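Working notes, structure below.
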Amino acid sequence: MLLVEDDSRISDPLVRVLDAEGFVVHHVGTGRGAIDEVARCRPDLVLLDLTLPDIDGLDVCRRLRDDDPTLPIVMLTARSEEMDVIVGLGAGADDYVAKPFRLAELVARLHARLRVAGQQVEASAPGPLIGAGIELHPDSRRCFVVDGAPGDVGEVELTSKEFDLLELLMSAPGLTHRRDEIMSRVWDENWWGSTRTLDTHVSTLRKKILDRSDPPTKIVTVRGVGFRFAPDALVSADPDAGVASSGAIG
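Counting from 1, position 148 in the sequence shown corresponds to residue 151 in our numbering; the numbering is continuous, with no gaps.
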């Protein structure tokens, strides 16, 4: 979860308590830091103070809610008037905890909000991700090549990390994912090793999904940044063509 609180007298003990309760807590002290952190790696929940030094917490909440309608947001603030509560919930917050607060109540509310979010995700099982001649099924974790030479079409066996990597890229087609973001989300948020393993997985994955172009057109390398998935890459039906054409369909 992400804690957005600029007062260290509150954030420091709160992080310790939440850590002890089993939460993995990332802490930032500004609104801009919150927006950037959520964009970098989506947390399970945001605990957001309204009084921040750079951007008003209400504006931060609106921005986060516009970018991700399903992100759980709990506001943490000294404002407790009824109108403030209404405005806060109207800005997109899922819950509202006023200072001073009892830690036990706060922890209970956070767990409750995470349970609700989990139930919503479970209720809406993800559909297949489709693009560039690939069909990925997150629910059954199966991958199919659906366009290509007759001998190439069919199910593709992916390792767990290859599947997670392809799912991440296909879930946001056209969006460039930074290398450190991919390592954090597919491998581990505390990954400190070389990103060379990422290059190896991308290379192997390209071969499996028939990304034969030079340069590749399905999983596109953005030099110095990372990778993006191009859903409209055209597929060459000739396995010996060497370079497949690319462009927009329709």
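C-beta atoms are modelled at their ideal positions from N, C-alpha and C, and glycine is treated no differently. A quick note: this is a predicted structure, and the numbers were derived from the prediction, not measured.
- For residue 60, the enclosing alpha helix (DSSP H) has its first and last residue at 60–70.
- Within 10 angstroms of the beta-carbon of residue 108 lie fewer than 16 other beta-carbons, which makes it exposed.
- A Cβ-Cβ contact shorter than 8 angstroms links residue 74 with residue 49.
- Distance between residue 223 and residue 173, taken at the CA atoms: about 12 angstroms.
- Rounded to whole angstroms, residue 66 and residue 39 show a C-alpha spacing of 11 angstroms.
- In the DSSP assignment, residue 104 falls outside any beta strand (DSSP E) and carries neither an H nor an E.
- If the five residues before and after residue 225 are omitted, its C-beta is found closer than 8 angstroms to the C-beta atoms of 179, 231, all from its own chain and listed in chain order.
- In the DSSP assignment, residue 52 falls outside any alpha helix (DSSP H) and within the unbroken beta strand (DSSP E) covering 49–52.
- Looking at the DSSP output, residue 173 sits in no beta bridge, so it has no partner there.
- Three or more Cβ pairs drawn from the stretch 202–222 and the stretch 154–163 lie within less than 8 angstroms of each other, which places the two stretches in contact.
- Under DSSP, residue 44 takes part in no beta bridge, so it has no partner.
- The beta carbon of residue 61 lies closer than 8 angstroms to those of 53, 90, 91, 94 in the same chain, with the five residues before and after it left out.
- Counted as a single uninterrupted DSSP element, the beta strand (DSSP E) harbouring residue 223 occupies residues 222–225.
- Counting the other Cβ atoms within 10 Å of the Cβ of residue 98 gives 16 or more, which makes it buried.
- In the structure shown, the three-state DSSP call for residue 74 is coil.
- In chain order, 134, 232, 234 place their CB closer than 7 angstroms to the CB of residue 176, counting only its own chain and leaving out the 5 sequence neighbours on each side.
- According to the DSSP assignment, residue 21 belongs to the alpha helix (DSSP H) that extends over 11–23.
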